[in-house]
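Beneath this line is the structure, given in structure tokens, with notes to follow.
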Amino acid sequence: MPHESPYAPVKIPERPYHELLLDAIDKTIAEGKNKIAFISGDNPNYTLSYEQLRKDAFAIAMYLHNELQRQFVDSRAKVVLTYEDFLPKVLLAVKQSPNIQKIIVIPKPTGSNLPAGVVSWTEVVSTPVTAPPQVPIDVHNDLLVLPYSSGTTGPPKGVMLSHYNFTSMISMYLAIDKSHNLDVLDPNWDCYKEKALLFLPFYHVYGFGLLNHCILKGMTGVVMSHFEPNNFLTAIQNYKIRVLCLVPPIMVFLAKHPICAKFDLSSVQMIMAGAAPAGKDLIEELKRKYPNLRYIQQGYGMTECSMASHLPDLRNDQPFGSVGKLASNLVMRIVEPGTDREQPVNQRGEICVRGPTVMLGYLGRPEATASTIIDGWLHTGDIGYINEDGNLFIVDRLKELIKVKGLQVPPAELEDLLLSHPKIRDCAVIGIPDAKAGELPKAFVVRADNTLTEQEVKDFVKPKVSPYKQLEGGVEFIEEIPKSAAGKILRRFLRDRSNAKL
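The sequence shown begins at 1 in the UniProt record's numbering and counts up by one.
Okay, here's the thing in structure tokens:
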């Protein structure tokens, strides 16, 4: 039988999302509470007008990438809103994007001359306008946002999220956070007095969700235009941030980088990890280094289900490695890949989710949609299992499992082990083709100490894992592991790099 959420059902408003957001802002201001301040460093970070969404009812592609031109065409966007720093790249991409009708640029504070055909944001907002026509919105079928999938194993795809998709996600997140987490962290928790550090990209569904979560709760958002170590640590110290929402690469930074010791990070009581798995050794190292850090919890989700399908519950002990329990209003199955046969408790299989947060589909890709959403079930491509208490555990990505002589090797297991080595700053593991074994594990390693050798890495791994999990594919040292904006390893680039050397 499908597994249901242990959390109480949440009533989902049948309203366009921007109306809910504007109501929350009006309520915050009307009640004399803290105004929502988005504080950045040298440059304003991001402005998203939900009023504009209401007026024009168009989908926004919220992704900046080297493949801008392809995504401009793919998303069918008509208007580009960008910063002056990105303008040269945008202009090149637009030459091959006939659908783009206008470019609006947010100049630097000093201003500058703009190319022909480019309009400044200042000019746009200073132009008087008449009341726009009211455009009816079908909350179930009209798009609110069009984020792009991470593209960890293939080209990014436009994920169509409706107003109802995102309203459902935020409503569930707010309800569970209030009833199961914040009161446990502090019985006197007052959202209006708390500050949230927002540095994850708003064009990624994780960062976008955190931004909206912050606004709807009336918290003050401290916005960074991008992650920069000194500014990040200074913000935690100065604003006394108590809860950090992070991705594993930033957790590795907090655990390993010596600059962190120069700042007072004692205010941090909880880390919420998302976007990719965080290993046991990393979590234990963080707890040793930061004694005031009471909770390190993990959630689970994906762009295709509007951010999160599983959330932590501080009222009940969450066993290590669990990514929480199924969120309200959702249903889940664990099935055997290829057969769709439901797996029993503690048996691994592909995670499938159904509910109001599941995307409408991939833009312009009916075949990809049909192979991902089957009979209403979103096939996540992730392998995991649940225990008797309903806690979900992620093993790895179905497409990323390395198959050595028919045996499955989860890359995350080897990566967690490698990160425990004091001379390793970062790493990634992929499978490379082998005539006899099918595939062999290969590690890409970023050294923290240049004396580290390939043999030293292999010797470190050898006594700790089974023979078929050994790094028989070799060890390659590189300067940086390619990752998406959310911190997911872009293994396709590593495979291309490895294949080029064969």
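All C-beta atoms, glycine included, are put in the ideal place defined by N, C-alpha and C.
query = Which first and last residues belong to the beta strand (DSSP E) in which Asp396 is found?
reply = 392-397
query = With Ile236 and Phe263 assumed to form a contact (beta carbons below 8 Å), what rounded beta-carbon distance in angstroms separates them?
reply = 7 Å
ask   = DSSP state of Ile12, grouped into three classes?
value = coil
ask   = Measuring CB to CB, does Glu342 end up less than 7 Å from Arg348?
value = no
inquiry  = DSSP three-state label for Pro109, please.
reply    = Unreliable placement is indicated for Pro109, whose pLDDT of 47 sits below 50; no coordinate value is reported for it.
task = Classify Ile374 as buried or exposed, calling it buried when 16 or more other Cβ atoms lie within 10 Å of its own Cβ.
result = exposed
request  = Mind reading off the beta-carbon distance from Lys102 to Val119? Whole number of angstroms is fine, and I expect it under 8 Å.
outcome  = 7 Å
message = If distances are taken between C-alpha atoms only, which option among Arg397, Pro433, Leu360 comes closest to Leu146?
response = Leu360
ask   = When burial is assigned at 16 or more other CB atoms within 10 Å of the CB, is Lys193 buried or exposed?
value = exposed
inquiry  = Pop quiz: Ser162 and Val10 are said to be a contact at Cβ under 8 Å. What is the actual Cβ separation, rounded to whole angstroms?
reply    = Not confirmed; about 17 Å, so no contact.
task = Give me the Cα-Cα distance between Arg365 and Cys352, rounded to the nearest whole angstrom.
result = 20 Å
request  = For Lys469, I'd like the list of residues in its chain whose CB is within less than 6 Å of its CB, leaving aside the five on either flank, ordered along the chain.
outcome  = Val409
message = Assuming the contact rule is C-beta atoms closer than 8 Å, Leu311 and Tyr173 should be a hit. Round their C-beta distance to whole Å, please.
response = 7 Å
Anticipated Cβ contact below 8 Å, Gln298 with Ala327, distance rounded = Between Ala327 and Gln298 the Cβ distance is about 14 Å, and since that is not below 8 Å, they are no contact.
request  = Going by CA-CA distance only, name the one from Gly438, Leu114, Phe208 that's closest to Asp85.
outcome  = Leu114
ask   = With distances taken between CB atoms, is the gap from Leu81 to Ile104 smaller than 7 Å?
value = yes
ask   = Buried or exposed: Pro433, going by 16 or more other Cβ atoms within 10 Å of its Cβ?
value = exposed
key: Proximity to Asn230 [Cα-Cα], best of Leu246, Phe253, Val247, Val465   = Phe253
query = Among Leu233, Lys280, Asp389, Ile241, which one has its Cα closest to the Cα of Ala261?
reply = Leu233
ask   = Could you give the C-beta distance for Leu440 and Gly473, rounded to a whole number, given that I count them as a contact under 8 Å?
value = 4 Å
ask   = In its own chain, which residues sit with a C-beta less than 6 Å from the C-beta of Leu407, not counting the 5 before and 5 after it?
value = Tyr468
ask   = Are Thr303 and Ser149 close, meaning C-beta to C-beta below 7 Å?
value = yes
task = Kindly list the residues whose CB is nearer than 7 Å to the CB of His140, restricted to its own chain and excluding five residues on each side of it in sequence; keep chain order.
result = Ser162, Tyr164
query = How about Arg341: is its C-beta nearer than 7 Å to some C-beta of chain B?
reply = Included in the structure is just one protein chain, with no chain B present.
ask   = Who are the Cβ neighbours of Met270 in its own chain at under 8 Å, not counting the five residues just before and after it?
value = Leu185, Arg242, Val243, Leu244, Leu293, Arg294, Tyr295, Ile296, Gln297
key: Through-space distance from Thr380 to Thr369, alpha-carbon basis   = 12 Å
task = May I ask you to verify whether the segment 476-486 touches the segment 434-453, counting CB pairs closer than 8 Å and requiring at least 3?
result = yes
key: Delimiting residues of the beta strand (DSSP E) encompassing Cys214   = It is not in any beta strand (DSSP E) - Cys214 instead sits in the alpha helix (DSSP H) that spans 205-217.
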